[in-house]
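In our numbering, the protein residues as written are 1 to 222.
Backbone N, C-alpha and C define an ideal beta-carbon position, used for all residues, glycine too.
Since the model is a prediction, treat every value here as computed from it, not as a measurement.
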Ligand SMILES: Nc1ncnc2c1ncn2[C@@H]1O[C@H](COP(=O)(O)OP(=O)(O)OP(=O)(O)O)[C@@H](O)[C@H]1O
Ligand SMILES: [Mg+2]
């Protein structure tokens, strides 16, 4: 996913602001409280934002504007060579949520939930997966530097969403140990190659003996 631009209207501290993300690596620099984290929140909100209760909706509206003013976040991005735009907004006293999703300027989905579903389907990532891989919050990163190396390793693996793989790995190790124990137990009662050859010879000799006895019996009966 390549971000092209972000347009904010009454979103937190931004009453009206447009950001263009040029090609290459983009750095965001600013004083404390200048609105750096808000840009990331707005990106996350554009992609996955469905604010459930009125309280959280109130928090995202710029505190200096009236309830009549809409809150809107619009994000344009490229994915698999196509250009997409997601627009989310809250309107009216009830702050009813609406969203629109465009693919190459053509409206493809409307409705807050529907747009979130479309985005999850397109990028094949849930909000949790997105946050664990591409998106590390400031708090998580700051706490990293204060940790012991093994704890830092744990957090980084969690950030990368690898803890599930770790759990599967230890489950498989445990399973393979169990199987090895079973194989060892079977090995004790299994015969060696020499023993098998000796037994086969004994069976063959026994069968030959049986055929001879049967032949003798038939002779006697005749
Ligand atoms: N609803 C709102 N209306 C107006 N201003 C808001 C609203 N919500 C948050 N703010 C302001 O936004 C600022 C915080 O912005 P943000 O957290 O993005 O800053 P930052 O650049 O990440 O700061 P830091 O460097 O400390 O992490 C605060 O000054 C806060 O008062
Ligand atoms: Mg911040």
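Spatial neighbours of residue 64 within its chain, please: CB distance less than 8 Å, with the 5 preceding and 5 following residues excluded, ordered by chain position.
15.
Can you determine whether any heavy atom of ligand 2 sits closer than 8 Å to the C-beta of residue 13, and answer yes or no?
For ligand 2, not one heavy atom lies less than 8 Å from the Cβ of residue 13.
Please list the segments of the alpha helix (DSSP H) lying wholly inside the stretch 80-125, counting only runs of 4 or more residues, in order along the chain.
DSSP runs (the alpha helix (DSSP H)) wholly in the stretch 80-125: 112-123.
Pick helix, strand or coil for residue 146, following the three-state DSSP scheme.
It is coil, neither helix nor strand.
CB of residue 113 to nearest heavy atom of ligand 1: below 8 Å?
The answer is no for residue 113.
What is the DSSP secondary structure of residue 189, counted as helix, strand or coil?
The answer is helix: DSSP assigns residue 189 an H, G or I state.
Give me the residue from 41, 200, 204, 218 with the minimum Cα distance to residue 59.
Here the closest residue by C-alpha is 41.
For the beta strand (DSSP E) that residue 19 lies in, which residues bound it at each end?
Run containing residue 19: 14-20, per the beta strand (DSSP E) assignment.
Less than 7 Å between C-beta atoms, sequence neighbours within five positions excluded: which residues of the same chain meet that for residue 71?
Result list for residue 71: 9, 10, 11, 60, 61, 89, 90, in chain order.
Would you check whether ligand 1 has a heavy atom nearer than 8 Å to the C-beta of residue 68?
No.
Tell me whether residue 88, by its Cβ, gets closer than 8 Å to a heavy atom of ligand 1.
The answer is no for residue 88.
Using C-beta distances below 7 Å, list every residue in its chain close to residue 120, excluding the 5 sequence neighbours before and after it, in chain order.
Result list for residue 120: 126, in chain order.
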